[in-house]
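Asks: According to mature numbering (1 follows the signal peptide of the UniProt record, and there is no 0), the stretch in the sequence shown is residues -24 to -1, 1 to 329, in order.
Quick one: the structure is below, and I'll ask about it shortly.
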Amino acid sequence: MKQINKFFAIAFASAALFSSCSSDNDDDAINIPEGSYTEGYFVLNEGQFGNIGTSGVTFIGEDGTLTNDIYTTVNPTSPEIGDALQHVFFDDNNAYIISGGTNQITVVDRYTFEYITTIETDLTAPRYGAIANGKAYVTNSNGWDDGSDDFVTVIDLADYSTSTFSMKVAEHVIEEDGILYFANGYYGSGQTITVLNPSTGDTVEIDLGDGNSPNSIVEEDDAIYVLTTNFDGTSHIFEISESSNTITDSIELSAYVSSPKQLNIEDDTFYFTDATTVYALDLNGTTPTEVLTYTSTSDYGAMYGFAVEDDTIYIADAGDFASTGTTYEYTLTGTLLNTYSVGIAPNGFYFND
């Protein structure tokens, strides 16, 4: 679910230089395995909280062909995928589907969607995941109070054994060059980024300033970009150097938008949303422009999912959270390309490339 009421603020952070693990050789040939879901993208359908069987995954192929509920289709006798599906993350061969309602992660082959296993240990309201050095790191909201009891589950992908460590206000996490970046904030709580080198266990906390709560985090060209909102009405995009773990720039958005979220980067351009409007901002610019506004009748599910990939804008609308949701594809200039009827409460897009 996406409704949380928490408050926690972290006042101190430091910066340090981390040594990054080596990345894959760009000259190596990439051989994509054959499978029914090799070319296209997945839509994660959250479903209804507490109602197993209402969640699922939709696949939309590069040719526009839509297939709903692919997990059940491929795995009719396998364990349920859970409810309140929250996030999907990948390694080279597998997809990991987080269920926040049933405290589990379902592992499938990312190209065939065939069931592999279910991880159920050391998970309490799991949120987001990323992979580094053969291990998955999954944030957990735990008791849904002030964020002080949040934690991260570490999964050894060789045998799916688990362990945990504490992290306050643990939410979004991304990986870049073997380093993990955690956004410690949600819905007004928290104001830091935690940088973890999993090879050494060293961490750095970067303070974003009083009340600047991160709601999304992305990476581009050796920098981390964090979108924040504040109860005082201000909002910012912060640039963080990956080499020094320090804030190197910031842009204030308050004059243009009231509650921006869902930061993406495509072709040296920021894209983010506010209500049912999509905005674009040049990576070196200061003034965002409106790209498109779409009409939604949903009380709480407008712009429930958002992504920008391969020169296309993707929007998910959850509707009434009880029946079919809708996704839209737009050009980067706001022209509607396609509309799809998907599962209940679509909340995210995941690209199988």
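In this text, a Cβ means the ideal position worked out from N, Cα and C, and glycines have one as well.
Please state whether the Cβ-Cβ distance between G301 and N27 is less than 8 Å.
Replies: Along the sequence shown, one-based indexing puts residue 301 at 325. Along the sequence shown, one-based indexing puts residue 27 at 51. In this structure, N27 does not lie closer than 8 Å to G301 by Cβ.
Asks: Hey, P236 and G281: beta-carbon distance below 8 Å or not?
Replies: In the sequence shown, counting from the first residue as 1, residue 236 sits at position 260. In the sequence shown, counting from the first residue as 1, residue 281 sits at position 305. Not in contact: P236 and G281 (Cβ atoms no closer than 8 Å).
Asks: Are V33 and Y47 closer than 8 Å when you measure CB to CB?
Replies: Along the sequence shown, read from residue 1 onward, the residue named residue 33 stands at position 57. Along the sequence shown, read from residue 1 onward, the residue named residue 47 stands at position 71. Yes, the pair counts as a contact, with Cβ atoms nearer than the cut-off.
Asks: Measuring straight from C-alpha to C-alpha, what distance separates T30 and T41?
Replies: In the sequence shown, counting from the first residue as 1, residue 30 sits at position 54. In the sequence shown, counting from the first residue as 1, residue 41 sits at position 65. Answer to the nearest angstrom: the Cα atoms are 22 Å apart.
Asks: What residue does the beta strand (DSSP E) around T140 start on, and which one ends it?
Replies: As a first step, residue 140 is located in the sequence shown; it is residue number 164 there, counting from the start. Segment S137 to S142, the beta strand (DSSP E) holding T140.
Asks: Evaluate P55 with the Cβ neighbour count: other Cβ atoms within 10 Å of its Cβ, from every protein chain shown; 16 or more gives buried, anything less gives exposed.
Replies: On the sequence shown, position 79 is the one that residue 55 refers to. P55 should be labelled exposed.
Asks: Report buried or exposed for L313, applying the criterion of at least 16 other Cβ atoms within 10 angstroms of its Cβ.
Replies: The sequence position of residue 313 within the sequence shown is 337, counting from 1. Exposed, because fewer than 16 other Cβ atoms sit within 10 Å of the Cβ of L313.
Asks: Please report the straight-line C-alpha distance between A283 and N240, rounded to a whole angstrom.
Replies: On the sequence shown, residue 283 is found 307 positions in, with the first residue counted as 1. On the sequence shown, residue 240 is found 264 positions in, with the first residue counted as 1. Their Cα atoms are separated by approximately 7 Å.
Asks: Below 8 Å, can you find three or more Cβ-Cβ pairs linking the stretch 268 to 279 to the stretch 219 to 231?
Replies: no
Asks: Quick one: Cα of T97 to Cα of T307, how far?
Replies: Taking the first residue of the sequence shown as 1, we reach residue 97 at position 121. Taking the first residue of the sequence shown as 1, we reach residue 307 at position 331. About 42 Å.
Asks: Buried or exposed, going by whether 16 or more other CB atoms sit within 10 Å of the CB of T309?
Replies: Counted from its first residue, the sequence shown places residue 309 at position 333. T309 is exposed by the Cβ-count criterion.
Asks: Just how far apart, CA to CA, sit N188 and S175?
Replies: Residue 188 sits at position 212 when you count from the first residue of the sequence shown. Residue 175 sits at position 199 when you count from the first residue of the sequence shown. Answer to the nearest angstrom: the Cα atoms are 29 Å apart.
Asks: For V114, which residues in the same chain have their Cβ closer than 6 Å to its Cβ, ignoring the five residues on either side in sequence?
Replies: Counted from its first residue, the sequence shown places residue 114 at position 138. Here the set comprises P102, G105 and T129.
Asks: Based on the DSSP output, what are the partners of N314 in its beta bridges?
Replies: Within the sequence shown, residue 314 is the residue found at index 338, counting from 1. Answer is E305, bridged to N314.
Asks: Using only CA atoms, which one of G319, D286, N70 and T311 lies nearest to A294?
Replies: Numbered from 1 along the sequence shown, position 318 holds the residue referred to as residue 294. A294 has its Cα closest to that of G319, out of G319, D286, N70 and T311.
Asks: What's the C-alpha gap between G76 and I57?
Replies: Taking the sequence shown and counting its residues from 1, the one referred to as residue 76 is at position 100. Taking the sequence shown and counting its residues from 1, the one referred to as residue 57 is at position 81. Their Cα atoms are separated by approximately 11 Å.
Asks: Indicate the three-state DSSP secondary structure (helix, strand or coil) for I46 in the structure shown.
Replies: Residue numbering aside, residue 46 sits at position 70 when the sequence shown is read from its first letter. Here I46 sits in helix by DSSP.
Asks: Taking only three categories from DSSP, how would you classify F214?
Replies: Reading the sequence shown from its first residue, position 238 is the one you call residue 214. In this structure, F214 counts as strand in the three-state DSSP scheme.
Asks: With a threshold of 7 Å on Cβ separation, who are the neighbours of L156 within its own chain once the five nearest residues in sequence on each side are excluded?
Replies: As a first step, residue 156 is located in the sequence shown; it is residue number 180 there, counting from the start. Excluding sequence neighbours, L156 sits near A106, A108, Y113, V149, L172 and P174.
Asks: Taking the straight line between their C-alpha atoms, what separation do you get for S(-2) and G154?
Replies: Taking the sequence shown and counting its residues from 1, one reaches residue -2 at position 23. Taking the sequence shown and counting its residues from 1, one reaches residue 154 at position 178. Annotation note: pLDDT 36 at S(-2) (below 50); position unreliable, no value reported.
Asks: Would you identify the three-state DSSP class for R103, choosing helix, strand or coil?
Replies: By 1-based counting over the sequence shown, the position of residue 103 is 127. DSSP places R103 in strand when its eight states are reduced to three.
Asks: Please report the straight-line C-alpha distance between S317 and S220, rounded to a whole angstrom.
Replies: For the purposes of this step, residue 317 is taken as the residue at position 341 of the sequence shown. For the purposes of this step, residue 220 is taken as the residue at position 244 of the sequence shown. Approximately 45 Å between the Cα atoms of the pair.
Asks: For the 8 Å Cβ check, are there 3 or more pairs between the stretch 194 to 207 and the stretch 117 to 136?
Replies: no
Asks: Within the stretch 249 to 279, note down every full beta strand (DSSP E) run reaching 3 residues or more, in order along the chain.
Replies: Here the runs fully enclosed are 253 to 258 and 265 to 269.
Asks: What residue does the beta strand (DSSP E) around E96 start on, and which one ends it?
Replies: Walking along the sequence shown from the start, residue 96 turns up at place 120. Neither: E96 is in no beta strand (DSSP E) and is coded neither H nor E.
Asks: What do you reckon, are the CB atoms on T138 and N116 nearer than 8 Å?
Replies: In the sequence shown, the residue the question calls residue 138 occupies position 162. In the sequence shown, the residue the question calls residue 116 occupies position 140. No.
Asks: On a Cα-Cα basis, can you pick out the residue from F25, T140 and I36 that is closest to S12?
Replies: Along the sequence shown, read from residue 1 onward, the residue named residue 12 stands at position 36. The option with the nearest alpha carbon to S12 is I36.
Asks: Near M143, what residues of its chain come up, given a Cβ to Cβ distance below 8 Å and the 5 sequence neighbours on each side ignored?
Replies: On the sequence shown, residue 143 is found 167 positions in, with the first residue counted as 1. T115, D126, F127, V128, F158, N160 and T170, listed in sequence order.
Asks: Run through DSSP, which three-state label would D243 get?
Replies: For the purposes of this step, residue 243 is identified with residue 267 of the sequence shown, where counting begins at 1. Residue state, collapsed to three classes: coil.
Asks: Express the C-alpha separation of D250 and V233 in angstroms, rounding to a whole number.
Replies: Reading the sequence shown from its first residue, position 257 is the one you call residue 233. Reading the sequence shown from its first residue, position 274 is the one you call residue 250. If you take the alpha carbons of V233 and D250, they lie about 7 Å apart.
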